[in-house]
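Comments concern the structure below.
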Amino acid sequence: MYDFVSNNPNPVINCEGVSKNVVEVGFHEQGKWMFTGGEDSTARIWDLRSRSNLQCQRIFQVSAPVTCVCLHPNQGELIVGDQSGVVHIWDLRTDHNEQLVPAGNNDSSIQSLDIDCQSQRLAAVNSLGTCYIWQLSDASNSSPEVIPAETTPPPPSPPRVTKATPTHKMAAHGSYALRCVFSPDCKLLATTSADQTARIWNTEDFTLVRELGTSNQRWVWDAAFTLDSKYLLTASSDGAARLWNIDSGEVEREYSGHQKAITSLAFCDVGVSTSSNSPTSTTAPVIATE
Numbered sequence: 001m002y003d004f005v006s007n008n009p010n011p012v013i014n015c016e017g018v019s020k021n022v023v024e025v026g027f028h029e030q031g032k033w034m035f036t037g038g039e040d041s042t043a044r045i046w047d048l049r050s051r052s053n054l055q056c057q058r059i060f061q062v063s064a065p066v067t068c069v070c071l072h073p074n075q076g077e078l079i080v081g082d083q084s085g086v087v088h089i090w091d092l093r094t095d096h097n098e099q100l101v102p103a104g105n106n107d108s109s110i111q112s113l114d115i116d117c118q119s120q121r122l123a124a125v126n127s128l129g130t131c132y133i134w135q136l137s138d139a140s141n142s143s144p145e146v147i148p149a150e151t152t153p154p155p156p157s158p159p160r161v162t163k164a165t166p167t168h169k170m171a172a173h174g175s176y177a178l179r180c181v182f183s184p185d186c187k188l189l190a191t192t193s194a195d196q197t198a199r200i201w202n203t204e205d206f207t208l209v210r211e212l213g214t215s216n217q218r219w220v221w222d223a224a225f226t227l228d229s230k231y232l233l234t235a236s237s238d239g240a241a242r243l244w245n246i247d248s249g250e251v252e253r254e255y256s257g258h259q260k261a262i263t264s265l266a267f268c269d270v271g272v273s274t275s276s277n278s279p280t281s282t283t284a285p286v287i288a289t290e
């Protein structure tokens with residue numbers, strides 16, 4: 001970990017103990033802890049309160065290399081995807097976990113996971129290009145058991161893991177899927193793939209809204225929506241990041257300069273204004289990495 005407010009170019013903290021590649025990193029919204037997922041078949045929680053001696057606080061072991069992890073908006077559950085095609089919901093409050101085995105997955109690796117901003121849907125894509133959707137509900141809010149007045153009530157049960165009910169399965173792409181991400185307004189889902197396209201889906205019925213692709217675009221590794229959900233940024237193996245107008249399906253801007261494949265991007269959007277059908281913003285930097 002690096003301290004970006006100082007001039008020190010060296011890491012200030014090293015997280016030791018992970019024996020293989022780390023594929024996912026994320027933070028609690030208040031910065032209390034960090035999570036990682038790795039090819040050592042673990043998801044880990046790292047306590048950030050002691051900056052001088054960062055410790056792995058908890059480990060969640062699965063039976064196959066972890067391929068992706070996302071944090072539930074409730075900040076109390078990690079959703080973990082693995083190489084065997086299983087999705088795990090790990091409740092950090094109780095240490096309980098449940099497995100979601102997508103129907104007909106045939107052990108295809110789960111490549112990406114995302115939960116919409118309203119915590120109502122979970123999306124996953126796999127290495128066959130299939131996208132799975134689950135409806136989420138808080139199991140702890142289910143109707144309580146009615147207990148007669150003369151009966152001593154039992155002790156309160158610990159919170160239970162979020163309940164996930166499968167609702168949709170679609171052939172999102174004809175090849176390896178790489179990323180899925182919900183739009184900020186929860187109305188759209190974007191999926192990207194090795195088939196050289198990004199596709200936009202309507203979350204009301206998960207019908208295809210738009211396919212985004214160009215003749216020189218290669219694998220599309222990552223995607224991010226703008227805050228108004230009208231534009232999508234993509235990162236591709238051809239070394240370019242592109243800003244797409246979702247309504248028209250056209251490229252509004254192309255960001256070049258990388259000599260190798262762009263495999264991830266981050267987009268900081270505090271509001272994008274439009275003029276002459278082209279987005280303009282001086283406060284929305286794009287960071288793309290090879």
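In terms of the UniProt record's numbering, the sequence shown opens at residue 1 and continues consecutively.
Glycine included, each C-beta is placed from N, C-alpha and C at the ideal position.
Keep in mind it's a predicted model, so treat the numbers as computed, not measured.
**OP:** Could you tell me which uninterrupted beta strand (DSSP E) segments, each at least 3 residues in length, are contained entirely in the segment 49 to 112, listed from first to last along the chain?
**Re:** Annotation note: the segment 49 to 112 contains the following uninterrupted beta strand (DSSP E) runs of length 3 or greater, listed N- to C-terminal: 55 to 61, 66 to 71, 77 to 82, 87 to 91, 97 to 100.
Original post:
Who does residue 245 pair with in a DSSP beta bridge?
Top reply: Taking the first residue of the sequence shown as position 1, residue 245 is located at position 245. Bridge partners of residue 245: 231, 250.
Original post:
Applying the criterion that 16 or more other CB atoms from any shown protein chain within 10 Å of the CB defines a buried residue, is residue 85 buried or exposed?
Top reply: Within the sequence shown, numbered from 1, the residue matching residue 85 stands at position 85. It counts as buried.
Original post:
residue 68 to residue 229, Cα distance in whole Å?
Top reply: In the sequence shown, residue 68 corresponds to position 68, counting from 1. In the sequence shown, residue 229 corresponds to position 229, counting from 1. Going by the C-alpha atoms only, they are around 24 Å apart.
Subject >> beta strand (DSSP E) segment containing residue 37, residue limits >> reply: As a first step, residue 37 is located in the sequence shown; it is residue number 37 there, counting from the start. Secondary structure note for residue 37: its beta strand (DSSP E) is the uninterrupted segment 33 to 38.
Original post:
Grouping DSSP H, G and I as helix and E and B as strand, with all else coil, what is residue 2?
Top reply: Indexing the sequence shown from 1 puts residue 2 at position 2. When secondary structure is reduced to three states using DSSP, residue 2 falls in the coil class, being assigned neither helix nor strand.
Subject >> Alpha-carbon to alpha-carbon, residue 247 and residue 20 >> reply: Position 20 of the sequence shown, counting from 1, holds the residue named residue 20. Position 247 of the sequence shown, counting from 1, holds the residue named residue 247. Cα to Cα, residue 20 sits roughly 42 Å from residue 247.
Original post:
According to DSSP, which residues form a beta bridge with residue 201?
Top reply: Position 201 of the sequence shown holds residue 201. The bridge partners DSSP lists for residue 201 are 189, 208.
Subject >> Outcome for residue 266 when other beta-carbon atoms lying within 10 angstroms are tallied against a minimum of 16 >> reply: Counted from its first residue, the sequence shown places residue 266 at position 266. So residue 266 counts as exposed.
**OP:** Look at residue 241 and residue 179 and say whether their C-beta atoms are less than 8 Å apart.
**Re:** For this step, residue 241 is matched to residue 241 along the sequence shown. For this step, residue 179 is matched to residue 179 along the sequence shown. Cβ distance not < 8 Å, so residue 241 and residue 179 don't count as in contact.
Original post:
Thinking just about the alpha-carbon of each residue, which of 257, 106, 165, 191 is nearest to the one in residue 209?
Top reply: As a working mapping, residue 209 is identified with position 209 in the sequence shown. Nearest neighbour of residue 209 by Cα position, chosen from 257, 106, 165, 191, turns out to be 191.
**OP:** Locate the beta strand (DSSP E) running through residue 257, then write down its first and last residues.
**Re:** As a position in the sequence shown, residue 257 is number 257, starting the count at 1. Residue 257 -> no beta strand (DSSP E), and no H or E assigned at all.
**OP:** Determine the DSSP secondary structure at residue 29, reduced to helix, strand or coil.
**Re:** Along the sequence shown, read from residue 1 onward, the residue named residue 29 stands at position 29. In this structure, residue 29 counts as coil in the three-state DSSP scheme.
Original post:
Is the distance from the Cβ of residue 116 to the Cβ of residue 186 below 8 Å?
Top reply: Indexing the sequence shown from 1 puts residue 116 at position 116. Indexing the sequence shown from 1 puts residue 186 at position 186. Contact flag set, yes.
Subject >> Inter-residue spacing [alpha-carbon to alpha-carbon] between residue 136 and residue 217 >> reply: Counting from one through the sequence shown, the residue named residue 136 turns up at place 136. Counting from one through the sequence shown, the residue named residue 217 turns up at place 217. Each residue's alpha carbon lies about 35 Å from the other.
**OP:** Might you give, ordered along the chain, the residues of its own chain that have their beta carbon closer than 7 Å to the beta carbon of residue 38, omitting 5 neighbours on each side?
**Re:** For the purposes of this step, residue 38 is taken as residue 38 along the sequence shown, with counting starting at 1. Excluding sequence neighbours, residue 38 sits near 18, 20, 21, 22, 23, 66.
Original post:
For the ligand GTP, is there a heavy atom less than 7 Å away from the beta-carbon of residue 262?
Top reply: With respect to the ligand GTP, the structure offers nothing, as it holds no ligand at all.
**OP:** Tell me, please, which residues DSSP counts as bridged to residue 168.
**Re:** By 1-based counting over the sequence shown, the position of residue 168 is 168. Answer is 133.
Subject >> Beta-carbon contacts of residue 3 that lie in its chain and below 7 Å, excluding the five residues immediately before and after >> reply: Translated into positions along the sequence shown, residue 3 becomes position 3. Cβ neighbours of residue 3 beyond the five flanking positions: 12.
**OP:** Take residue 31 and list the residues in its own chain whose beta-carbon comes closer than 8 Å to its own, dropping the five residues that flank it on each side.
**Re:** If you number the sequence shown from 1, residue 31 lands on position 31. Within the same chain, residue 31 has close Cβ partners 48.
Original post:
How many angstroms separate the CA atom of residue 92 from the CA atom of residue 163?
Top reply: The residue labelled residue 92 in the question sits at position 92 within the sequence shown. The residue labelled residue 163 in the question sits at position 163 within the sequence shown. Spanning the two alpha carbons is a distance of roughly 15 Å.
**OP:** Could you check how far apart the C-beta atoms of residue 181 and residue 77 are, in whole angstroms? I think they sit under 8 Å.
**Re:** Taking the first residue of the sequence shown as 1, we reach residue 181 at position 181. Taking the first residue of the sequence shown as 1, we reach residue 77 at position 77. Between residue 77 and residue 181 the Cβ distance is about 19 Å, and since that is not below 8 Å, they are no contact.
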